[in-house]
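S.K.: I have a structure here, written as structure tokens, and I will follow up with some questions on it.
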Amino acid sequence: QNGSPVVPNKPTTIIMLAQARRAQSTLVKRFDVKKFKSLLETKSVGRSIKYVDITTSTMDEADKFLKDGCNSGAVVLADSQTDGRGRNQRPWLSSSGENLYVSFILRTNTIREVVSLNFAAPLAIALAAEGTGGVKGSRIKWPNDVWVGRRKMAGVLLNTVAQAGPSGAKISVNLGIGINVNQDMDEVKQSLCENGGNVATSIYMENGRKPIEREVLLADLCKRLEGLMSMEWNDLMDKYKNYDMLLGKEIVVMPNKKEDPSTYYYAKAIEYSADGYLVVEPAKDSKRVTLSAEEVSIRPEPIEKEKD
């Protein structure tokens, strides 16, 4: 799952230096599992927790935990990741002791419940960042990011596994969440030279540089996620749209995950379908298009025209 974005083609040694510098920060503190459990107000989400100091990715740890037969609502938490990743296997810088790197293991009965999780997870992050973190102006960029202004603060990665059970098939969800909590993004920008830090932010950077206890934030996130998971679809979407940053806006669509800017096109975001897809109306064609796995970027990102 996500942390602060790694700038492509930057030397690994620079990234390691950035991590070492942040490790000396007074904000760095080992996650207190006992304190987190004492703050929890849920029935199932977060009640079972596996904590590791360092791992490749909490998604990997969650897959192992799932095979061991953990309960639905179980959480895997790491203080640091060596191979954190976002959508499309993009690498992510996961510094130690400052942010939240968690994976929730959730068992669902229907595809609709999985679709609902795609909307409930980023909404839970936005609400927790606002309530516990003191962040104003959090917005959700479909399908899996939480932004403040023009900068990304958190991300979600959702994987599913179908499993047979005594009462029928179940869909197990590995829900990875990464939230930049107490990370000083100015340090990231300095460490990764001229291109780093301009696309990411943290709760700390957005709330007036006030450190947040990660235990309190995670407990709040668990409570909000559990509550949103129990909501009816229409109620969930009404709440989601209060934080949505796409609907009614002109956006840039990057089709089929292509990195070639010549394939991008402008469109207006119209609505979300009952299947959780984004319906858009291309600027050059009034025929609406339903987007599923495509990447969506907010205008005013420029489009490079194809050369003749």
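Counting the sequence shown from 1 gives a position; the working numbering is that position plus 19.
From the three backbone atoms N, C-alpha and C, an ideal C-beta is built for every residue, glycine too.
Please go through the same chain and pick out, in chain order, the residues whose beta-carbon is closer than 7 Å to the beta-carbon of A143, but skip the five residues on each side of it.
M.R.: Result list for A143: L240, R243, L244 and L247, in chain order.
S.K.: Considering only their Cβ atoms, is the gap separating I124 from N178 smaller than 8 Å?
M.R.: No. Outside cutoff.
S.K.: Alpha carbon to alpha carbon, how far is G116 from K303?
M.R.: Using only the alpha carbons, I get a separation of about 48 Å.
S.K.: Between V315 and W161, which are expected to be in contact by the criterion C-beta below 8 Å, what is the C-beta distance as a whole number of angstroms?
M.R.: Going by Cβ atoms, the distance from V315 to W161 rounds to 6 Å, so yes, they are a contact pair.
S.K.: Report buried or exposed for E278, applying the criterion of at least 16 other Cβ atoms within 10 angstroms of its Cβ.
M.R.: E278 is exposed by the Cβ-count criterion.
S.K.: Excluding five sequence neighbours on each side, which residues of the same chain lie with their C-beta closer than 7 Å to the C-beta of V52?
M.R.: These residues qualify, in order along the chain: I68 and Y70.
S.K.: Mind checking E225: buried by the 16 CB within 10 Å criterion, or exposed?
M.R.: By the 10 Å Cβ count, E225 comes out buried.
S.K.: Helix, strand or coil for T75 per DSSP?
M.R.: T75 falls in the coil class under three-state DSSP.
S.K.: Buried or exposed: where does Q202 fall if 16 or more other Cβ atoms within 10 Å of its Cβ makes it buried?
M.R.: The residue in question, Q202, is buried, as its Cβ has 16 or more Cβ neighbours within 10 Å.
S.K.: Tell me M273's beta-bridge partners as DSSP assigns them.
M.R.: According to DSSP, M273 bridges with E314.
S.K.: Starting from M172 and walking both ways along the beta strand (DSSP E), at which residues does that stretch end?
M.R.: From DSSP, the beta strand (DSSP E) with M172 extends over R170 to Q182.
S.K.: If I follow the unbroken beta strand (DSSP E) through W166, where does it start and stop?
M.R.: Element bounds for W166: D164 to V167.
S.K.: Is T309 helix, strand or coil when you go by DSSP?
M.R.: Here T309 sits in strand by DSSP.
S.K.: Looking only at its own chain, which residues have a Cβ that is under 6 Å from the Cβ of A312, when we skip the five neighbours before and after it?
M.R.: Here the set comprises nothing.
S.K.: With DSSP as the reference, label Y223 as helix, strand or coil.
M.R.: In the structure shown, Y223 sits in a helix (DSSP, three-state: H, G or I).
S.K.: Whole angstroms is fine: what's the gap from N284's alpha carbon to V298's?
M.R.: Note that residue 284 corresponds to Tyr in the displayed sequence, not to Asn. Roughly 14 Å separates the two Cα atoms.
S.K.: According to DSSP, is P141 part of a helix, a strand, or is it coil?
M.R.: Of the three classes helix, strand and coil, the one that applies to P141 here is helix, per DSSP.
S.K.: Is it true that the segment 252 to 259 meets the segment 130 to 141, where meeting means three or more beta-carbon pairs spaced less than 8 Å apart?
M.R.: Yes, the segment 252 to 259 is in contact with the segment 130 to 141.
S.K.: Can you give the beta carbon distance from A286 to P274, rounded, assuming they're within the 8 Å contact cut?
M.R.: At roughly 10 Å, the Cβ-Cβ gap does not stay under 8 Å, so A286 and P274 are not in contact.
S.K.: Kindly indicate which residue of V64, S99 and V134 has the alpha-carbon position closest to the one of E80.
M.R.: When each option's Cα is compared against that of E80, the closest is S99.
S.K.: Between which two residues does the alpha helix (DSSP H) carrying K56 extend?
M.R.: Note, K56: alpha helix (DSSP H), V52 to L58.
S.K.: For V235, report the span of its alpha helix (DSSP H) as first-last.
M.R.: Counting along the chain, the alpha helix (DSSP H) containing V235 begins and ends at R233 to M248.
S.K.: Between the beta-carbon of L96 and the beta-carbon of T127, is there less than 8 Å?
M.R.: No, they are not a contact pair.
S.K.: Does the Cβ-Cβ distance between L119 and A238 come in under 8 Å?
M.R.: It is not a contact, given that the beta carbons lie outside the stated cut-off.
S.K.: Can you list, in chain order, the residues of its chain with a C-beta nearer than 8 Å to that of G292? Leave out the 5 residues immediately preceding and following it.
M.R.: The amino acid occupying residue 292 in the given sequence is Ser; Gly does not appear at that position. Cβ within range, chain order: V298 and T309.
S.K.: DSSP has K3 in a bridge; who is on the other side?
M.R.: Given that the chain is displayed from residue 20 to residue 327, the structure contains no residue 3 and the question cannot be resolved.
S.K.: Helix, strand or coil: which one does DSSP assign to S135?
M.R.: If DSSP states are grouped into helix, strand and coil, S135 belongs with the helices.
S.K.: Sort out for me which residues DSSP pairs P301 with in a bridge.
M.R.: Answer is A286, bridged to P301.
S.K.: Look at G159 and M264 and say whether their C-beta atoms are less than 8 Å apart.
M.R.: Note on residue identity: the sequence assigns Ile, not Gly, to residue 159. Going by C-beta atoms, I159 is nearer than 8 Å to M264.
S.K.: Determine the direct distance from the alpha carbon of N199 to that of P230, and round the result to whole angstroms.
M.R.: P230 and N199: Cα-Cα distance of roughly 12 Å.
S.K.: Please name the residue in G65, K86 and D87 whose C-alpha comes closest to that of A93.
M.R.: For the residues G65, K86 and D87, the minimum Cα distance to A93 belongs to G65.
S.K.: Can you tell me where the alpha helix (DSSP H) holding N253 begins and where it ends?
M.R.: Run containing N253: W252 to K260, per the alpha helix (DSSP H) assignment.
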